[in-house]
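Here the structure is laid out as structure tokens; the discussion comes afterwards.
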Amino acid sequence: MGTRESGVTRLLREWNQGNQAAFDQLMPLVHAELHRLARSHFARERPGHTLQPTALVNEVYLKLAAENAPNFHDRSHFMAVAARAMRFVMVDYSRGKRRGKRGGDAVRVTFDENLGICGDGAAEMLAFDAALNKLEAQDARKCRIAELRCFGGLSVEETAEALSISVSTVMRDWRVAKAWLQRELS
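This is the structure in structure tokens:
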């Protein structure tokens with residue numbers, strides 16, 4: 116993995132410097148990992164979800180390809196940005212699904228220890244996004260940790276690396292963020 120890691124970092128650096136061909140070479144290297152993240156997210160979704168992991172990865176690809184002035188430091192930073200893009204794609208998709216429905220009554224959202232979004236996906240995704248936005252206003256780092264753990268599927272160690280903080284800080288902030296989100300969503 117060391118060679119792959121250095122290849123990804125090298126391609127990110129070249130893309131940062133304006134080499135669009137580097138982006139084209141980068142995507143096959145990270146595609147499998149992005150697809151794994153998307154599959155892990157959909158494993159927590161309700162069965163029969165109309166958006167599929169491959170479509171989610173494709174949407175993230177389009178968002179990343181549209182980046183005019185990318186500034187990715189390394190693979191971990193890139194994956195953190197991709198996780199955030201997955202969140203936004205899922206939220207946009209949920210908003211679109213919600214617009215197609217009548218009403219808009221408040222929906223009680225259940226909180227899973229793994230922060231999986233289950234049940235009426237569109238309503239719960241929007242409620243979860245609103246809770247994350249509130250958390251971000253109070254503590255941006257805790258929000259990023261929740262985002263990376265929930266949407267990025269990153270481990271505690273990977274999250275620490277992506278945010279350049281210690282593993283113990285991630286564990287402490289993650290416990291607080293989960294409790295805060297559980298309280299907010301109940």
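Take the position in the sequence shown, starting the count at 1, then add 115; the result is the number in my numbering. C-beta: ideal position from N, C-alpha, C; glycine also. Predicted, not measured: the structure shown is a model, and the values here were computed from it.
Query, Result
"I'd like the list of long-range same chain contacts for Y208, defined as Cβ closer than 6 Å, with 5 residues on each side in sequence excluded.", "L166"
"May I ask which residues mark the beginning and end of the alpha helix (DSSP H) holding S155?", "Q135 to A158"
"I'd like to know whether the C-beta atoms of M201 and H156 end up nearer to each other than 8 Å.", "yes"
"Under 8 Å Cβ to Cβ from E275, same chain only, skipping five residues before and after it: list those, please.", "Glu is not the amino acid found at residue 275; the sequence shown has Ala there. Result list for A275: S281, V282, T284 and V285, in chain order."
"Quick check on I260: does DSSP put it in helix, strand or coil?", "helix"
"Assign D220 to one of three DSSP states: helix, strand, or coil.", "For D220, the predicted structure reports a pLDDT of 46, less than 50, and the residue's modelled location is therefore unreliable. A value from the coordinates is still provided. It is coil, neither helix nor strand."
"What residues in its chain sit with their C-beta under 6 Å from that of A137, if we drop five residues either side in the sequence?", "L126, E129 and W130"
"Given that a residue counts as buried once 16 or more other Cβ atoms are within 10 Å of its Cβ, and exposed if not, what is S191?", "buried"
"How would you call R264, buried or exposed, if buried means at least 16 neighbouring beta carbons within 10 angstroms?", "buried"
"Could you give the DSSP three-state label for A181: helix, strand or coil?", "coil"
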